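Structure first, then comments.
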Amino acid sequence: MTSTRKVHVKSFGCQMNVYDSHRMADTLAPAGYSETAHPDEADLVILNTCHIREKAVDKVYSEIGRIREMKEAAALNGRRMLIAVAGCTAQAEGQEIIRRTDAVDLVVGSQNYHRLPGLIARALEGEKIVDTEFPAEDKFDALAQPSPKAIAKRGVSAFVTVQEGCDKFCTFCVVPYTRGGEVSRPVEKVVADVERLTASGVREVTLIGQNVNAYHGLGANGTAATLGQLLRRLARVPGIARLRYMTSHPRDMLSGMCDDLIAAHGDLAELMPYVHLPVQSGSDRMLAAMNRKHTRSEYLEAIARLRAARGDLAFTSDFIVGFPGETEQDFRETLSLAEEVNFVTAYTFMYSSRPGTPAATQEDQVPEAEKAERLQRLQAVITRQWRAFNASFMGQTMNILLEKPAKLAGQLVGRSPYLQSVHVMANPELIGSIVKVTIDEIGTNTLSGTLAKTLPADTLAKPARAPALVTQGA
Ligand code: SAM
Ligand code: SF4
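Everything in the sequence shown is counted per the working numbering, starting at 105 for the first residue and increasing by one.
What follows is the structure in structure tokens.
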């Protein structure tokens with residue numbers, strides 16, 4: 105069908121939302137919607153929202169206000185614009201969104217995106233719609249696949265959701281309520297998605313899930329496959345050069361089901377040496393209060409086992425400071441854990457009270473000023489570690505996957521195995537290739553270097569085994 109209408113999808117929050125936004129656009133393409141980067145010219149604006157912290161929700165409502173003005177301006181020009189709110193805020197707040205602002209036409213929960221074409225047709229008839237139930241059918245089966253053109257436009261690196269939802273119920277977190285229980289996709293469906301992506305030029309795939317290492321999708325032999333087994337299968341897909349996964353839970357990392365994942369880090373050259381393993385706190389008292397189901401020493405054991413499998417692994421994490429009841433001593437244990445692990449970077453958050461979660465009703469809430477002060481102290485440690493990690497690559501030659509043109513004419517930007525952004529002067533035809541770059545400048549957020557060598561095409565599918573030193577890259 106030729107495109108006659110335009111859709112603008114804006115993602116808030118995590119990579120799972122970025123992936124879902126792409127799949128929503130893919131599902132609307134057969135209904136005649138083409139994507140636009142400009143909300144003011146769109147016939148349909150979808151806000152794919154996050155509910156994880158209060159600030160994320162505030163952002164959604166202020167964005168609705170901004171889009172409302174565009175909708176009113178369009179109406180003055182005789183053009184109809186629909187506003188849809190999707191994602192976790194839609195799931196959590198449902199009808200309340202339409203009650204707070206009548207500019208919104210449609211509220212659609214995170215499990216119902218495959219129903220979008222029908223819901224939009226009804227909204228165009230003037231109906232206000234809220235669809236947030238958890239349907240029996242699998243949305244992944246019902247969502248349309250991206251066209252080769254859409255895949256190519258999104259670049260050489262892609263996300264694939266392999267697992268969704270969470271059964272862990274950390275006392276601070278809304279995810280089990282907004283995304284539902286844990287569900288894993290079958291191996292062969294994930295393989296088919298990755299094959300489709302590589303056939304259209306994707307070279308790097310990040311497998312995503314709220315607890316991706318709890319993956320237990322149906323394998324070819326009829327039994328549940330582990331994430332390690334899935335990664336080994338995907339490493340055989342023609343054209344795949346790099347595999348990543350996030351977000352892992354430390355407790356699952358220590359359960360027997362991840363032994364194979366840990367071993368895969370030693371065996372698979374395609375598996376990048378970069379692991380995101382959120383710890384939240386270094387205090388056993390806080391970990392118990394958060395219901396994380398592991399101790400500080402078990403977390404350190406998981407890190408040690410992964411490092412034993414591959415010496416050049418780098419770790420990133422998530423931290424929450426100012427969880428109810430957190431004392432200065434608890435917080436110091438978080439600082440000491442950060443020092444001990446030597447993370448290369450981390451997402452650091454002040455605890456945000458979420459209605460409906462157990463921690464929200466605890467009486468011993470930490471004052472905002474204290475949270476902010478602790479956040480600064482933790483960020484100072486992480487920033488120092490990040491700078492030292494980057495500086496360690498000066499003069500080293502790294503394998504860089506070239507992604508796109510940079511701002512400077514003739515320059516391309518790519519990613520290192522550790523997701524550092526690296527700038528290099530190179531021919532645009534090399535986009536999608538892995539090249540060797542010798543690093544000669546360390547910036548605040550990026551590295552720059554000189555092209556040393558282009559790897560031959562056959563190493564693209566099977567890159568050489570990574571050396572076991574952080575300073576040499578993979
Ligand atoms: N499943 C992952 C895990 O267990 O580590 C994390 C997924 S969660 C979507 C991403 C991060 O948001 C968490 O690791 C946590 O640091 C942060 N987060 C979640 N709820 C929060 C809250 N109420 N306040 C502050 N940060 C929060
Ligand atoms: Fe939220 Fe905890 Fe589940 Fe992670 S494991 S999504 S933090 S409930």
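Backbone N, C-alpha and C define an ideal beta-carbon position, used for all residues, glycine too.
As the structure is a prediction and not an experimental result, all values here were calculated from the model.
How many angstroms separate the CA atom of residue i from the CA atom of residue j?
i      : j      : result
Thr449 : Arg346 : 20 Å
Asn582 : Arg340 : Outside the displayed range of the chain (105 to 578) lies residue 582, so it cannot be described from this structure.
Gly480 : Phe493 : Here residue 480 turns out to be Gln, not Gly, going by the sequence shown. Rounded to whole angstroms, Gln480 to Phe493 spans 20 Å at the Cα level.
Ser138 : Phe497 : 42 Å
Lys566 : Glu374 : In this prediction, Lys566 scores a pLDDT of 38, lower than 50, which makes its location untrustworthy; the coordinate-derived value is nonetheless stated afterwards. Taking the straight line joining both Cα atoms gives about 7 Å.
Glu443 : Lys159 : 29 Å
Ser304 : Leu512 : 27 Å
Lys114 : Ala207 : 17 Å
Thr399 : Asp388 : 5 Å
Val485 : Gly343 : 39 Å
Met174 : Val161 : 20 Å
Cys362 : Arg183 : 54 Å
Lys110 : Thr140 : 6 Å
Gly269 : Thr461 : 16 Å
Gln249 : Ala256 : 13 Å
Ala495 : Ser456 : 34 Å
Glu176 : Ser421 : 43 Å
Val574 : Leu417 : Caution applies to Val574, whose pLDDT of 29 falls short of 50 and renders its modelled position unreliable; the model cannot decide the point.
Ala393 : Gly386 : 12 Å
Residue i CB to nearest chain B CB: under 8 Å?
i      : result
Tyr281 : Within the model displayed, chain B is absent; a lone protein chain is all it includes.
Kindly indicate which residue of the options has the alpha-carbon position closest to the one of residue i.
i      : options                        : result
Val526 : Tyr281, Leu516, Gly460         : Leu516
Asn531 : Thr554, Ser520, Tyr451         : Thr554
Ser419 : Tyr349, Ile543, Cys362         : Note that residue 419 corresponds to Phe in the displayed sequence, not to Ser. Phe419 has its Cα closest to that of Tyr349, out of Tyr349, Ile543, Cys362.
Pro509 : Pro462, Val260, Leu301         : Val260
Phe447 : Met454, Phe423, Thr461         : Phe423
Ile156 : Gly230, Asp245, Glu173, Gln314 : Gln314
Thr236 : Asp144, His218, Val211         : Val211
Ile201 : Ile538, Glu477, Ser166         : Ser166
Val164 : Asp144, Gly191, Ala146, Ala178 : Gly191
Lys243 : Lys293, Ala225, Ile168, Phe453 : Lys293
Glu286 : Val298, Lys272, Asp297         : Lys272
Gln483 : Ala463, Gly386, Leu439         : Leu439
Glu145 : Thr548, Ile171, Thr193         : Ile171
Ile546 : Val383, Val161, Ala248, Arg491 : Arg491
Ala194 : Val295, Ile233, Val541, Arg258 : Ile233
Ser214 : Thr275, Ser457, Gly284, Ile543 : Gly284
His380 : Cys274, Thr131, Ile407, Ala133 : Ile407
Leu220 : Phe453, Gln489, Gly136         : Gly136
Phe435 : Ala254, Thr205, Val383, Val306 : Val383
Gly198 : Glu176, Met390, Phe238         : Phe238
Met502 : Gln489, Arg478, Ala556, Ala392 : Ala556
Leu338 : Ala296, Ala328, His353, Ile312 : Ala296
Pro459 : Gly169, Thr275, Thr548         : Thr275
Leu132 : Leu247, Ile543, Ala196         : Leu247
Ser251 : Tyr522, His126, Lys475         : His126
Leu301 : Arg258, Thr327, Ile312, Ser288 : Arg258
His353 : Leu372, Asn395, Asp371, Gly326 : Asn395
When we look at the beta-carbon of residue i and count the other beta-carbons within 10 Å, is it buried (16 or more) or exposed?
i      : result
Asp209 : buried
Arg519 : buried
Tyr378 : buried
Asn58  : The structure shown has nothing for residue 58, since the chain only spans 105 to 578.
Asp124 : buried
Ala129 : buried
Thr465 : exposed
Gly536 : buried
Ala572 : The predicted model places Ala572 with a pLDDT of 32, which falls under 50 and marks its position as unreliable, so this point remains unresolved.
Gly499 : exposed
Asp245 : exposed
Arg204 : exposed
Leu331 : buried
Ala570 : Unreliable placement is indicated for Ala570, whose pLDDT of 36 sits below 50; no coordinate value is reported for it.
Gly230 : exposed
Gln333 : buried
His112 : buried
Arg478 : buried
His142 : exposed
Gln433 : exposed
Thr106 : With a pLDDT of only 49 at Thr106, under 50, the local geometry of the prediction cannot be trusted, and the value read off the model is given with reservation. The residue is exposed, with fewer than 16 neighbouring Cβ atoms inside 10 Å.
message: Under 8 Å, with one C-beta from each stretch per pair, do the stretch 150-159 and the stretch 182-198 reach the 3-pair mark?
response: With contact defined as three or more Cβ pairs closer than 8 Å, the stretch 150-159 and the stretch 182-198 are in contact.
task: State whether the stretch 266-280 contacts the stretch 322-330, with contact taken as three or more CB pairs (one from each stretch) at a distance under 8 Å.
output: Two segments are said to touch when three or more pairs of C-beta atoms, one from each, lie closer than 8 Å; by this definition the stretch 266-280 does not touch the stretch 322-330.
- prompt: Is it a yes or a no for the stretch 119-130 touching the stretch 252-267, going by three-plus beta-carbon pairs under 8 Å?
  reply: The stretch 119-130 vs the stretch 252-267: in contact.
query: Does the stretch 457-473 come close enough to the stretch 427-442 that 3 or more CB-CB pairs lie under 8 Å?
result: Output reads yes: the stretch 457-473 touches the stretch 427-442.
message: Does the contact criterion of 3 or more C-beta pairs under 8 Å hold for the stretch 405-420 versus the stretch 361-377?
response: Three or more beta-carbon pairs drawn from the stretch 405-420 and the stretch 361-377 are found closer than 8 Å, and the two stretches are therefore classed as touching.
query: Counting by C-beta, which residues lie closer than 5 Å to a heavy atom of the ligand SF4, in chain order?
result: Any residue whose Cβ sits closer than 5 Å to a heavy atom of the ligand SF4 makes the list: Cys270, Lys272, Cys274, Cys277, Val279, Gln314.
Touching by the beta-carbon criterion (3+ pairs, under 8 Å), the stretch 396-408 and the stretch 352-362: Taking a contact to require three or more Cβ pairs closer than 8 Å, the stretch 396-408 and the stretch 352-362 qualify as touching.
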